[in-house]
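Protein chains in written order, with full-length UniProt numbering: chain A, 1 to 207; chain B, 1 to 290; chain C, 1 to 296; chain D, 1 to 275; chain E, 1 to 273. We put the CB at the ideal spot given by N, CA and C, even for glycine. In this text, all values refer to a predicted model and were calculated from it rather than measured experimentally. Below: one structure, written as C-alpha cells.
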Amino acid sequence: MEKQNLICLPGQRLSLCDKTHTSGKGTYDRRGYIYSNISGIVDVVIKDGIKILEVHSPGLQTIVPAQGDVVTAQISIITQQYCKCYIKCIGDKILRRHFKAILRREDIKATEKDKIDVYKSFKPGDIILARVLPITEAHNYQLSTAENELGVAVAYSEHGHPMIPISWTEMQCIKTYVKEPRKVAKLIPENIHEDLIARLSETTTKV
Amino acid sequence: MLILSSEKTDNPARIERTYYLISENIRIDGREREDYRPMEIETDVVSHAFGSSRLRLANTDVLVAVKIEVDAPYPERPLEGKLEFFVDCSANATPEFEGRGGEELAVELSNCLSSAYRSEEVFNLKKLCIMKGRKCWKLYVDILLLEVGGNLFDAVSIAVKAALWNTQIPKIKSINVDGSNIDIQVCDDIFSCTKLDVTGAPLMVTVCKIGDKCIVDPNAAEEQCSVGAVVVAVSRGNICTISQTGTGSFHPDTFKSCLILGISVAQRLEDSLTETLGEIKANQDVGFLK
Amino acid sequence: MPQKIQMRLASNRVDTSVVINRDIPAIYTPGQIISNQNEFLRGHGTYEENGQLKASVAGVREKVDILISVRPLKSRYHGKVGDVVVGRIIEVQQKRWKVNTNSILDSVLLISSVNLPGGELRRRSAEDEHMMRKYLQEGDLISAEVQSVYSDGSLSLHTRSLKYGKLGQGVLVKVFPSLIKISKTHFHNLSIGVSLILGTNGFIWICPIINNTEENVGGFVQNLEEVVPKSIRATMARIRNCILALAQSKVMLFDSSITYAYEESTKYTLAELLLPEVMADVALSTQQKLILSETE
Amino acid sequence: MPVDHKRINAPESAVPYKLFTKLNTESLKEQYQKAIRDGIRVDGRKPSEHRKIFLKTGIVAHAKGSAYIEQGNTKVVTSVFDPREIPNRTDYCLKGEIYCEFKFAPFSCPKRRLHQQDSQEKECSAIMKKALEAVVCREEFPNFQVDVYALVLHNDGSALSAAVTAAGVALASAGIPMFDIITSSTLAIQGEHSLFDPNFREELLSEIAIEKEHGVVILCVTSTHQQISHFHQTGNLQLNTITQSIDTLHNTCKEIVPVVQKCLVKSVLSVISES
Amino acid sequence: MDEQFRILHPIKYYRDHINNHIRPDGRELNKFRPVLVNIGSINTSDGSALAKVGDTTVICGIKAELCSPKVESPDQGFLIPNVELPPLCSSKFKPGPPSEEAQVVTQLLADIVKNSKCFDLKQLCICHEKLVWCLFADLICISYDGSLMDACVIALMGALKSVQLPLVDYDPAIDNKLVNEEQKNFVNIQGIPICTTFSMFDKNILYDPTQEEENLSSCTFNVVLMEDKLCSVHKPGGTPISEQNLMECIEVSKQRTNTICELIDIALKKNKT
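See the structure below:
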C-alpha cells in the first residue's frame with residue numbers, strides 16, 4: 001500500500017499529541033493521543049513546523065454548515081425583508097440533505113445598506129454563493145452576500161434562458177438580451193468551479 | 001402575544017458543572033457520596049385503590065396506586081397472574097413533561113420496572129392465579145409523578161414496593177364453572193384479604209457518575225451535571241435489572257464498583273423501608289394534603 | 001461508615017413554622033372585600049365589584065394614600081429599576097441575550113449593556129455580535145442590575161459595573177423573591193470565607209471569596225482549573241443548607257439572618273442539616289436571635 | 001381498537017396456527033436440558049462460542065450509510081441518514097441528537113409482529129440510542145439529529161446486539177464523526193450455564209426462572225477506549241455472576257472488532273477504487 | 001464537479017445525458033437493471049422471498065394464521081398484502097403511519113393479485129363457513145431506488161410460491177383444531193404476474209427508472225403481464241403517451257416477464273435443495 005493511502009477507522013490511535021503533532025480535521029485528542037474520528041485516509045499537513053494530522057473520508061462526508069463557510073444555495077422565496085434559500089453545497093462538498101437558510105436584506109451588500117432592495121438583488125431559482133453567519137437560532141442558518149465574491153453565480157431570465165453578468169448589479173439574458181438587476185458575484189475559482197458555471201450557463205439544445 | 005418565561009430545569013453551564021465535580025467527598029448540599037436525603041413516606045392514601053403509597057424525597061414526589069381486576073392469563077403462561085406498570089408524567093411535575101415531553105421517561109421507567117419485576121424469583125406471579133389458564137388477578141400499578149427533583153428511579157421503586165406492601169387482594173369465596181362461563185364470588189368481608197409477599201420486590205438505586213466519581217441519590221442539579229448513571233435493581237441481595245441512563249460511558253472497573261455501591265445502598269434502603277413500614281399502625285388516618 | 005437512610009412516616013412530619021409573638025398582618029383571600037368605601041384607587045391584586053374593592057390574589061394589603069393594592073404572598077419576581085438580580089442565560093439572540101430571572105417574562109440583556117473584554121471604552125462592532133456566544137452562552141449565570149422595565153413588565157438588565165458579570169464556580173439556591181430583604185448591598189463577603197449574592201429575584205449565589213478583583217474584567221474571565229478547597233466547600237454547603245432552612249420556615253434572608261443561622265447550625269453536622277427537625281430548629285433559634293438583636 | 005385505514009386489514013379473529021400444534025408436555029427444565037446437552041448446544045456450538053458474523057455495508061442505496069449483519073440466522077439491516085432538523089425543537093442545543101428506531105419485521109419472529117412499535121421495540125430503540133450516543137461526536141452537528149434505523153428481518157436471538165454492532169458500522173460508513181468503534185454481545189444465563197450469543201430459544205428460556213439464577217445480559221463496548229457504552233440486564237443474578245459476565249462479554253465484544261474493522265476498511269477501499 | 005452540477009440543476013444534467021442516449025448510471029435508455037431473486041431465507045415465516053431490481057430491494061415474508069371466513073365468501077381464505085416503506089429505506093419517508101405512496105403501492109399490489117387471478121383463495125379453505133387460512137404477506141422495502149412495483153410483485157410471487165401450509169384436523173362440532181406440522185403442502189399458483197415500470201423524460205421512454213429518474217420524469221407508468229397476457233396498465237396522470245409507445249412497452253415487458261419467471265423458478269429450486 002502506498003504511504004499516502006493509510007486507511008484508518010474511528011477510534012484508531014494515530015500518534016502522540018505533543019508540541020509537534022496536533023489534531024486536525026477528522027481527528028480528536030484525548031489523554032495525550034490523537035485518534036481518528038472517521039474512517040478514511042490519513043493525511044499529514046505540515047504548517048509552521050507543526051504536523052497537523054487529518055483524516056479525509058473518501059466518500060461523501062457528513063458535514064453541516066458552520067460559521068464562516070462559503071456555501072452554494074438556491075433562492076426559494078423572496079420578500080421585502082429577506083429571502084429564503086436552501087444550502088446545497090458547502091465549499092465543494094455537496095449535501096444530500098439541503099439545509100434551510102435565510103438571507104436578510106441588510107446582509108445582501110456591505111455598503112449602502114439602506115438602499116438595498118431584495119427584489120432587485122435576487123429571484124427565486126437563482127444560485128448564489130454566500131457566507132454562513134454565526135448561528136443564533138437553531139434550524140435557521142443566516143447567510144450574507146456582503147462581499148464582492150459573493151452573490152448570484154447563476155441565474156436564468158424570465159424566459160428561462162441563462163444570463164451573463166454585465167456589471168456588479170446587472171445580468172443579461174443571452175437570448176433575449178433583456179437586462180435584469182442582480183447582486184452579482186465576482187466569481188473566483190476558489191469558491192466555484194469554472195466548468196460548472198459554463199455548464200450551467202450553456203443553452204440546451206432542445207430535442 | 002406574551003411569551004412567558006420558561007420554568008424549565010436549569011441547565012448549568014460548564015463552569016458551574018466544574019464545581020459540582022467532587023474531588024473532595026463533599027457534595028453541594030453537604031452530603032457525602034453515599035448519603036441519601038431524608039424522605040417521607042405514607043401508605044393507604046388513595047381510598048378507592050387496593051393499595052397505595054406516596055413518597056417524598058426532597059423535591060421528588062411520587063404517588064402510586066394499585067388497582068386489581070380479574071383477567072384471563074396469557075395463553076403461554078397459564079399459571080401466572082399479570083402485573084402491569086403505568087407511569088404518568090404529569091405536566092404538573094415539570095414543564096418539560098408538557099405535551100408528549102414525558103413520554104420517553106415514562107416508557108423508560110415502566111420498562112425498567114417491568115423488567116425488574118419479571119423474574120419469578122423476584123415477584124411470584126403464580127400467587128395471582130385464580131384458575132389455571134382461565135382466570136387470574138391482574139395488578140395495575142399506576143405511578144403518578146407529582147414533582148420531579150432528581151433520583152426518580154429510586155423514589156418510584158420505593159413507592160411501588162410500599163404500595164404493593166399495602167395492597168390487599170380479596171379472598172375468593174367460590175368459583176362456579178359453567179361451560180365457558182366462570183363465575184367468581186369474592187368474599188364480602190373487607191378484613192379477609194390476603195397481602196402480597198413483597199420481600200423480594202426490587203429497590204432501584206441510581207448510581208450517578210459525576211466527573212470520575214460515583215454518587216447515589218443525585219439531586220436535580222447533580223443529575224444535570226452527570227454524564228450518565230447506572231440503575232441497579234436489587235432484590236434480596238441479587239441484581240434483577242441493570243440499566244443505564246444518560247449518554248455517558250463507563251470503564252468496566254468503574255461500572256463494577258457502581259454495582260457494588262448500588263447493592264450496598266439498596267440494602268440500607270431496604271432496612272429503612274422495612275423499619276418505617278413496620279411503624280405504620282392500622283387505620284391510621286393521614287392524608288398527604290395534611 | 002455511611003449514614004443510616006432517614007425515612008419517616010408522613011404522620012410524624014415536623015411543623016416548620018417559627019412565628020413567635022409577632023403581629024401577623026391580615027391576609028386577604030381572593031374575593032374578600034378590602035374596602036366598602038368608594039374612596040380608593042384600585043391597585044395591583046384587586047378588583048372592583050358593586051362599588052366594593054376586593055382582593056384578586058391571596059396576600060397582604062398595602063396602602064399608599066388612597067391607592068390600595070394586595071401584595072401576593074407567593075409570586076414571581078416583579079423587578080424594579082436598580083434591583084440586583086442573578087439570572088441564567090437561556091437564549092442567545094441577535095444583539096441580545098434572554099435571561100431567566102424568575103420573572104413572568106424573560107428578561108433581556110442587550111449587547112450594548114455589557115462591558116465587553118478589553119476595557120470599558122470600546123465600540124461594539126458587528127464582530128462582537130457574531131461572538132456573542134463566546135461571551136455568554138446558554139446556561140451561564142450572571143449577576144446584573146435592572147436597568148429599565150418595559151411596558152409589558154419585562155426587564156432590561158445591565159452588567160456595566162465590575163461587580164456584575166458572569167459567575168464562576170459556586171452554588172445557586174432558589175427561594176421566593178419575597179423572602180429577600182431589600183438592603184443597601186446585596187453583595188456580601190462573609191468572614192467565614194464565602195461570598196454571597198442575594199438576588200432580589202430570589203436567586204442566591206454562593207461562591208468562594210474572590211481575592212483579586214483586578215483580573216475580573218467585566219466578569220468574563222473564569223478559572224475552570226481552580227479547585228475549591230474542602231473546608232470552603234463545607235462552609236458553602238452549610239450556608240446553602242442554612243438558607244434553605246430559613247426559607248422553609250419563611251424567615252427573611254439578609255446578611256445577619258444568614259450569619260446567625262450559620263452560627264446556630266454549627267452544633268449540627270452538615271448532613272444533619274437536611275433533616276426537617278434540624279432545619280426547623282436552626283430557623284427557630286435564628287429567629288429568636290434576630291428578635292433579640294432588634295430589641296437591643 | 002380503531003381500524004387502520006392506511007393498511008389492508010385482516011379479519012380480527014386470526015390466530016397463529018402454532019397454538020394448535022401438539023402440546024409440548026415437557027417441563028421447562030427438560031426443555032432447557034434439551035437445548036444444551038453435554039455442554040453442546042442445539043446448533044452444535046460450545047457455550048462460549050459466538051456465531052459467525054457476516055457484515056456488509058452499502059446495501060441501502062440512498063441512505064448515507066448502511067450495514068447488514070448476519071449472525072447465524074439473525075439478520076438485521078441498519079441505515080443512517082444525513083443530519084436533519086430536530087422536529088418540535090426550537091431552542092439551541094450544543095450537541096446533536098441521535099434518533100433510533102428499532103423494529104422487528106412482522107415475519108421475523110415465531111409470533112407475528114404488528115406494524116406499530118410495541119413496548120419491547122421501544123425499549124430496544126432506547127438502548128440503541130444510549131449505546132450509540134456515547135460513541136458519536138455529537139458536538140460536530142449541533143441542533144441536528146442523525147436518524148438511525150434498524151430492521152430485524154429474522155430474529156434468532158441476540159438481535160439487539162447485532163443491531164448495535166451493525167448500527168455502529170453504518171454510522172462509520174456514513175462518515176459520521178465517531179469516537180470509537182462499537183460492538184455488542186449478548187449472554188444468556190440459566191443456573192451454571194452461560195450461553196454466549198444465544199439463539200431465540202435459548203434467550204427465551206433464560207428469561208424464565210428455571211434455576212434460582214437466570215437472566216439475559218447485553219453489553220455494548222467501545223473498542224479503543226474500552227468503555228461500556230451500555231449495559232442491560234434482566235432476570236435475577238448475583239453480583240459475582242454479573243461482574244464475571246462483564247469480563248467475558250467484553251472479550252467476546254473484542255473478538256467481533258476485527259470483523260467490523262475488516263468490513264469498514266473494505267468499504268473505504270471500495271469508495272477509493274470508485275473515485 | 002459533476003455531482004455539484006447534478007444537484008444544482010438536475011433536469012439539465014439529465015437532459016445532457018439523455019441527448020447522448022445514455023443515462024447517468026451508465027445504462028442505455030432501453031436497458032433494464034439486473035434482477036436478483038432469493039427465496040426462503042427466513043425460516044420464522046411460512047414463505048419468504050427477497051427481490052432486487054437494481055438498487056431497489058424488497059423483502060416479503062408470509063405468515064399463515066387461522067381464522068373464520070367472511071359470511072359473504074364462506075369458502076375463501078384471505079391473502080393480505082401490505083407494503084411497508086420504512087424510513088430505513090430512503091430519506092424520503094418519515095417515521096409514523098404508512099405514507100401515501102405505501103398505501104398506493106399496497107392497494108395496487110392487492111389489485112394485481114386479485115385481478116390477475118393468479119392465486120385462488122378457495123384453496124385456503126379448511127372447513128366451509130368455519131375455518132380458513134389467512135396469509136399475511138408483509139412486504140418491506142429495504143432499499144428504495146425506483147421501480148418499486150416491479151420488485152414488490154416479484155417478492156410477493158416468490159414468497160407465495162414457497163409457502164407451505166401444515167395439515168389441519170378440524171372438528172366443527174366441538175371447534176377443535178389440531179395442526180400437524182410434520183405434513184406440509186405447497187399452495188397452488190395459477191400464474192406469475194410480472195410488473196414493469198417505465199418513465200417518460202421529455203419524449204424518451206426510460207425503462208426501469210431509478211428514483212431520481214422517476215422524480216424528474218413527466219410521467220411514470222407500469223404494465224403488468226401474466227404469461228403473455230396483459231393484466232393491467234397503471235398510469236396515474238402525467239403527460240399522455242402515444243399508443244405506439246405503449247404497445248412498444250408492452251412488447252418489451254413480455255420478453256422481460258419470461259426471464260423473470262425463469263429467475264423465480266431457479267431461485268425456488270435453489271431453495272428446495
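Contact of phenylalanine 250 of chain B with chain D by beta-carbon distance below 7 Å involves Gln227, Ile228. Assigned with DSSP and collapsed to three states, tryptophan 137 of chain B falls in strand.
For leucine 216 of chain E, the closest Cβ of chain A is not nearer than 7 Å. Short of 7 Å from the beta carbon of arginine 112 of chain D, and not among the five residues preceding or following it, lie these beta carbons of its own chain, in chain order: Pro16, Pro106. Within 10 angstroms of the beta-carbon of lysine 161 of chain B lie 16 or more other beta-carbons, which makes it buried. Neighbours of isoleucine 260 of chain B in chain D, taken as residues whose beta carbon is under 8 Å from its own, are Leu239 in chain order.
At a cut-off of 7 Å between beta carbons, cysteine 173 of chain A makes no contact with chain E.
Of all C-beta pairs linking the segment 49 to 64 of chain C to the segment 25 to 32 of chain C, three or more are shorter than 8 Å, placing the two stretches in contact. The segment 54 to 73 of chain D makes no contact with the segment 29 to 38 of chain E: fewer than 3 CB pairs, one atom from each, lie closer than 8 Å.
Among the bridge pairs identified by DSSP, phenylalanine 231 of chain D is matched with D:Leu219.
Residue burial is scored here from C-beta neighbours: serine 273 of chain D has fewer than 16 other C-beta atoms within 10 angstroms and is therefore classed as exposed.
In this chain, the beta strand (DSSP E) harbouring histidine 21 of chain A covers 21 to 23. When the beta-carbon positions are compared, glycine 238 of chain E and serine 218 of chain E come within less than 7 Å of each other. Flagged as an interface residue toward chain C: threonine 136 of chain A, by a C-beta distance shorter than 7 Å.
By the C-beta density criterion, proline 87 of chain D is exposed, having fewer than 16 other C-beta atoms within 10 angstroms. DSSP, read as helix, strand or coil, puts glycine 11 of chain A in coil.
Assignment of alpha helix (DSSP H) within the segment 167 to 222 of chain E, counting only whole runs of 4 or more residues, yields 211 to 216 in chain order. The beta carbon of arginine 56 of chain B sits closer than 7 Å to those of Met39, Glu40, all from its chain and outside the five residues before and after it, given in chain order. Leaving aside the five residues that flank proline 74 of chain E on each side, the residues in its chain whose CB is nearer than 6 Å to its CB run, in chain order, His128, Glu129.
No Cβ of chain E is located within less than 7 Å of the beta carbon of lysine 25 of chain A. In the DSSP annotation of this structure, the continuous segment of the alpha helix (DSSP H) that includes histidine 17 of chain E starts and ends at 10 to 19. Fewer than three pairs of CB atoms, one per stretch, sit closer than 8 Å, so the segment 286 to 296 of chain C makes no contact with the segment 23 to 38 of chain D. Using beta-carbon distances, glutamate 296 of chain C does not count as an interface residue toward chain D, since no partner is under 7 Å. Annotation: arginine 27 of chain E is outside any beta strand (DSSP E) and is labelled neither H nor E by DSSP.
Taken through DSSP and simplified to helix, strand or coil, arginine 133 of chain C comes out as helix. In the DSSP assignment, histidine 158 of chain C falls outside any alpha helix (DSSP H) and within the unbroken beta strand (DSSP E) covering 155 to 158.
If you ignore the 5 residues before and after serine 243 of chain B, its C-beta comes within less than 7 Å of the C-beta of Cys112, Val231, all in its own chain and listed in chain order. The beta carbons of alanine 14 of chain D and glutamate 65 of chain E sit about 4 Å from each other, so the pair counts as a contact at 8 Å. About 7 Å separates the beta carbons of glutamate 207 of chain D and glycine 235 of chain D, which is inside the 8 Å limit, making them a contact pair.
According to DSSP, residue pairing for isoleucine 98 of chain D in a beta bridge involves D:Val146. For histidine 186 of chain C, there is no enclosing beta strand (DSSP E), as DSSP marks it with neither H nor E.
Minimum Cα-Cα distance from threonine 167 of chain B among the listed residues B:Glu69, B:Gly30, B:Glu34, B:Arg268 corresponds to B:Glu69.
In this structure, D:Thr243 is the residue among D:Thr243, D:Gln226, D:Thr224 with its C-alpha nearest to the C-alpha of glutamine 233 of chain D.
The C-alpha of threonine 106 of chain E lies about 36 Å from the C-alpha of cysteine 89 of chain A. Between leucine 139 of chain E and valine 224 of chain E, the CB-CB gap reaches or exceeds 7 Å. Sorting D:Ser245, D:Leu205, D:Arg51, D:Asn251 by C-alpha distance to the C-alpha of isoleucine 36 of chain D places D:Leu205 at the top.
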